[in-house]
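Novice: This is the structure I want to talk about, given as structure tokens.
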Amino acid sequence: MASWGQAVILLLAIILLGIVGKNYVVAAAAGVLLALRLLHGEALFPILEKNALNVGIGIITLAILIPFANGGIGWSEIHKTLASPTGLVALAMGIFVAYLGGRGVGFLTSQPQVMVGLMVGTIVGVAFFRGVPVGPLIAAGMVALIMGLLGYGK
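For the record, in the sequence shown the residue sitting at position 150 is 150 according to full-length UniProt numbering, with numbers rising by one throughout.
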């Protein structure tokens with residue numbers, strides 16, 4: 001476990017990576033955690049650790065569903081999309097990525113040490129490759145899938 005000073009330095013480094021990589025969401029998230037750390041708000045960390053991912057997934061899902069709610073997407077658009085090759089590939093990839101995310105949650109629960117590599121990779125991907133930090137669950141699912149194929153999984 002990192003000491004208080006190491007945690008502060010790591011958060012400052014993540015803020016810097018976010019700024020250099022022009023991903024201000026990462027910088028802001030690390031900034032909030034740094035502020036909590038400096039203001040001795042560590043008591044909130046277990047609550048955030050337990051609930052923030054589900055809240056974040058809920059917010060992303062909400063954003064994805066808005067076109068259905070505001071009438072921007074109806075049955076006609078769904079039919080046209082699913083009748084096209086691109087739409088069918090999108091459907092298959094949506095199912096596959098959701099499956100990987102589900103496997104990732106289980107894998108991270110059983111092997112939490114994998115999170116370090118996933119987090120560093122996600123930070124680099126977000127900061128320097130204009131990625132979005134939804135990758136850890138999908139990446140963990142991919143790790144679980146690959147490790148299972150190699151005979152290392154459950």
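Heads up, the beta-carbon is just placed ideally off N, CA and C, and yes, glycines get one too.
Using a Cβ-Cβ cutoff of less than 7 Å, which residues in the same chain neighbour residue 108 once the five nearest sequence positions on both sides are dropped?
Specialist: If you number the sequence shown from 1, residue 108 lands on position 108. Once the five neighbours on either side are set aside, the close Cβ partners of residue 108 are 114, 115 and 140.
Novice: Going by the beta-carbon positions, is the gap between residue 127 and residue 21 smaller than 7 Å?
Specialist: The count along the sequence shown starts at 1 and reaches residue 127 at position 127. The count along the sequence shown starts at 1 and reaches residue 21 at position 21. Yes; because the gap between Cβ atoms is below 7 Å, this pair is in contact.
Novice: Among 56, 16, 52 and 148, which one has its Cα closest to the Cα of residue 103?
Specialist: Taking the sequence shown and counting its residues from 1, one reaches residue 103 at position 103. Checked all of 56, 16, 52 and 148; the closest Cα to residue 103 is 148.
Novice: Give me the Cα-Cα distance between residue 184 and residue 43, rounded to the nearest whole angstrom.
Specialist: What is shown of the chain runs 1 to 154, which leaves residue 184 out entirely.
Novice: Indicate the three-state DSSP secondary structure (helix, strand or coil) for residue 43 in the structure shown.
Specialist: Position 43 of the sequence shown holds residue 43. Helix at residue 43.
Novice: Between the Cα of residue 17 and the Cα atoms of 123, 151 and 152, which residue gives the shortest distance?
Specialist: By one-based count along the sequence shown, residue 17 stands at place 17. With distances taken between Cα atoms, residue 17 lies closest to 123.
Novice: Out of 7, 14, 59 and 5, which one is the CA nearest neighbour of residue 120?
Specialist: Here residue 120 refers to the residue found at position 120 of the sequence shown. Of the listed residues, the one whose Cα sits closest to residue 120 is 14.
Novice: Going straight from the alpha carbon of residue 94 to that of residue 69, what length do you get?
Specialist: In the sequence shown, residue 94 corresponds to position 94, counting from 1. In the sequence shown, residue 69 corresponds to position 69, counting from 1. So the alpha carbons of these two residues sit roughly 20 Å apart.
Novice: So, helix, strand or coil for residue 51, using DSSP?
Specialist: Indexing the sequence shown from 1 puts residue 51 at position 51. Residue 51: helix per DSSP, three-state reduction.
Novice: Considering only their Cβ atoms, is the gap separating residue 137 from residue 101 smaller than 7 Å?
Specialist: If you number the sequence shown from 1, residue 101 lands on position 101. If you number the sequence shown from 1, residue 137 lands on position 137. Closer than 7 Å, so yes.
Novice: If contacts are defined as beta-carbon pairs under 8 Å, then residue 34 and residue 12 qualify, I think. What distance do you get, rounded to the angstrom?
Specialist: Residue mapping note: residue 34 aligns to position 34 of the sequence shown, counting from 1. Residue mapping note: residue 12 aligns to position 12 of the sequence shown, counting from 1. Yes, residue 34 and residue 12 are in contact; Cβ-Cβ is about 7 Å, under 8 Å.
Novice: Can you give the Cα-Cα distance for residue 172 and residue 132, rounded to whole angstroms?
Specialist: Look at the range of the chain in this structure, 1 to 154, and you will see that residue 172 is not part of it.
Novice: Buried or exposed, going by whether 16 or more other CB atoms sit within 10 Å of the CB of residue 28?
Specialist: Numbered from its first residue, the sequence shown carries residue 28 at position 28. Exposed: under 16 other Cβ atoms inside 10 Å.
Novice: Grab the span of the alpha helix (DSSP H) containing residue 22 for me, first residue to last.
Specialist: Mapped onto the sequence shown, residue 22 falls at position 22. Element bounds for residue 22: n/a, residue is neither H nor E.
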